[in-house]
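The next block holds one structure in the form of structure tokens; read it before the comments.
There are 2 protein chains.
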Amino acid sequence: MGKINQAPPATCPVDYAFQRIGGKYKGRILWFLGDGVKRYGQIRRSISGITPKMLTQVLRELEDDRLITRTVYYEVPPRVEYTLTETGRALIPSIQMISTWGQAQMQHQGITAMPLEEGEE
Amino acid sequence: MGKINQAPPATCPVDYAFQRIGGKYKGRILWFLGDGVKRYGQIRRSISGITPKMLTQVLRELEDDRLITRTVYYEVPPRVEYTLTETGRALIPSIQMISTWGQAQMQHQGITAMPLEEGEE
DNA sequence: TAGCCTACATACCATTAGTATACTATTGTT
DNA sequence: AACAATAGTATACTAATGGTATGTAGGCTA
């Protein structure tokens, strides 16, 4: 349930890729993780508008697709860290390019770009 | 109706971009158009499994977002040609990289990649 | 000890994306 | 007259995606 595009396994590389990084939040999450190891709460604060349920769901899908790893520290309060796998990291240059494109388009339309949020801690 | 992601206008470039090129078919269609001017039927034959309704819908969305242009020739039988705009063409290198990534992953998993179809004419 | 925090899980519901199938218009060909 | 070709429309439907609300565990804080 909740899997973006799980239908017929892709034979086209573009299709294959978009089945994994399409969806409303995946690009932004991967992009944010490109910055380094992040905790659940950090991601949630950086991805404006995402609900905890969606975040959990999306993170699990990315984990299932081996784009990120999830490390649980059994402390109290619990701590869960997410980081890109090699495969996931290999996507960052592509997302970088897409971001650059997006930035240019936004400028073109007079929209002010705000890459990612989150107040320091 | 049918607009993929029309919710709050993106402030993040990555979000902005994925709102335009996300969805099941957009990446593949743009990629195919990267090859040059294409007719409706050519696109339909190249994107396996797409229904005419979806294709029309997606093409209209790409047109609205100024990623492609649509040229109608009032002949019989009708002829409609689609081509990338400058903005759309600027996306091709990113899709190229994503495709390369996808290809590598597919190889890694023993899947045979089949970039795009369509028999010559 | 009553709530608060983190990091979720679960149930339920609404919206949106996508599918299936059939149909249209126009003109030339058989 | 029936059929082919192209580029779609129309209608009805299912599946995927996303959202709200609430629950849970264990320690921490007031």
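Quick note, the sequences are listed as chains A and B, same order.
Letter 96 of the first sequence, counting from 1, is numbered 96 in UniProt numbering, and no numbers are missing.
Letter 23 of the second sequence, counting from 1, is numbered 23 in UniProt numbering, and no numbers are missing.
For each residue, glycine too, the CB sits at the ideal point set by N, CA and C.
Per DSSP, which residues does residue i bridge with? Please list them.
i, result
"Val37 of chain B", "DSSP output for Val37 of chain B lists no bridge partner at all."
"Arg79 of chain B", "B:Tyr73"
"Ile68 of chain A", "A:Leu84"
Give me the Cα-Cα distance between residue i and residue j, rounded to the nearest whole angstrom.
i, j, result
"Val14 of chain B", "Thr112 of chain B", "30 Å"
"Gln103 of chain A", "Leu67 of chain B", "15 Å"
"Thr69 of chain B", "Ser99 of chain A", "23 Å"
"Ile92 of chain B", "Val58 of chain A", "26 Å"
"Gly23 of chain A", "His108 of chain B", "23 Å"
"Ile95 of chain A", "Ser94 of chain B", "8 Å"
"Ser48 of chain B", "Gly41 of chain B", "12 Å"
"Leu30 of chain B", "Ile21 of chain B", "8 Å"
"Arg28 of chain A", "Pro77 of chain B", "44 Å"
"Met114 of chain A", "Met97 of chain A", "16 Å"
"Gly110 of chain B", "Trp101 of chain B", "14 Å"
"Met106 of chain B", "Cys12 of chain A", "9 Å"
State yes or no: is the C-beta of residue i nearer than 8 Å to some heavy atom of the ligand GTP?
i, result
"Ile68 of chain B", "With respect to small molecules bound, the structure shown includes none, and the ligand GTP cannot be examined in it."
Could you pull out every residue in the same chain whose Cβ sits closer than 8 Å to the Cβ of residue i, ignoring the five residues on either side in sequence?
i, result
"Gly75 of chain B", "The sequence given here has Glu at residue 75 of chain B, not Gly. The answer is none, since no qualifying residue turns up."
"Met1 of chain B", "Here the model assigns Met1 of chain B a pLDDT of 37, short of 50, so the residue's position is not dependable, and the following value carries that caveat. Correct list: empty, nothing qualifies."
"Arg89 of chain A", "Gly34"
"Pro52 of chain A", "Arg44"
By Cβ distance below 7 Å, which residues in the same chain neighbour residue i in space, the five residues on each side in sequence not counted?
i, result
"Arg79 of chain A", "Arg39 and Tyr73"
"Glu121 of chain B", "Unreliable placement is indicated for Glu121 of chain B, whose pLDDT of 35 sits below 50; the coordinate value is still reported in the next sentence. No residues qualify anywhere along the chain."
"Tyr16 of chain B", "Ala10"
"Ile50 of chain B", "Tyr25 and Arg44"
Relative to the C-alpha of residue i, which candidate in the options has its C-alpha closest?
i, options, result
"Arg60 of chain A", "A:Pro77, A:Thr11, A:Thr83 and A:Ala17", "A:Thr83"
"Asp64 of chain A", "A:Gln19, A:Gly110 and A:Gln96", "A:Gln19"
"Gly36 of chain A", "A:Ile21, A:Cys12, A:Glu86 and A:Met114", "A:Glu86"
Could you name the residues of the same chain whose beta carbon sits closer than 6 Å to that of residue i, not counting the 5 residues immediately before and after it, in chain order?
i, result
"Thr71 of chain A", "Glu81"
"Leu55 of chain A", "Arg44"
"Leu62 of chain A", "Ile68"
Worksheet item: For the stretch 80-110 of chain B, which residues have a CB atom closer than 7 Å to at least one CB atom of chain A, in sequence order?
Response: Thr87, Ala90, Leu91, Pro93, Ser94, Ile95, Met97, Ile98, Ser99, Trp101, Gly102, Gln103, Gln105 and Met106
Practice prompt. Mind checking the stretch 24-42 of chain A against chain B and listing, in chain order, the residues whose C-beta falls within less than 7 Å of any C-beta there?
Written response: Lys24, Gly27, Arg28 and Trp31
Worksheet item: Name the residues in the stretch 9-24 of chain A whose C-beta lies less than 9 Å from a C-beta of chain B; which are they?
Response: Pro9, Ala10, Thr11, Cys12, Pro13, Val14, Asp15, Tyr16, Ala17, Phe18, Gln19, Arg20, Ile21, Gly22, Gly23 and Lys24
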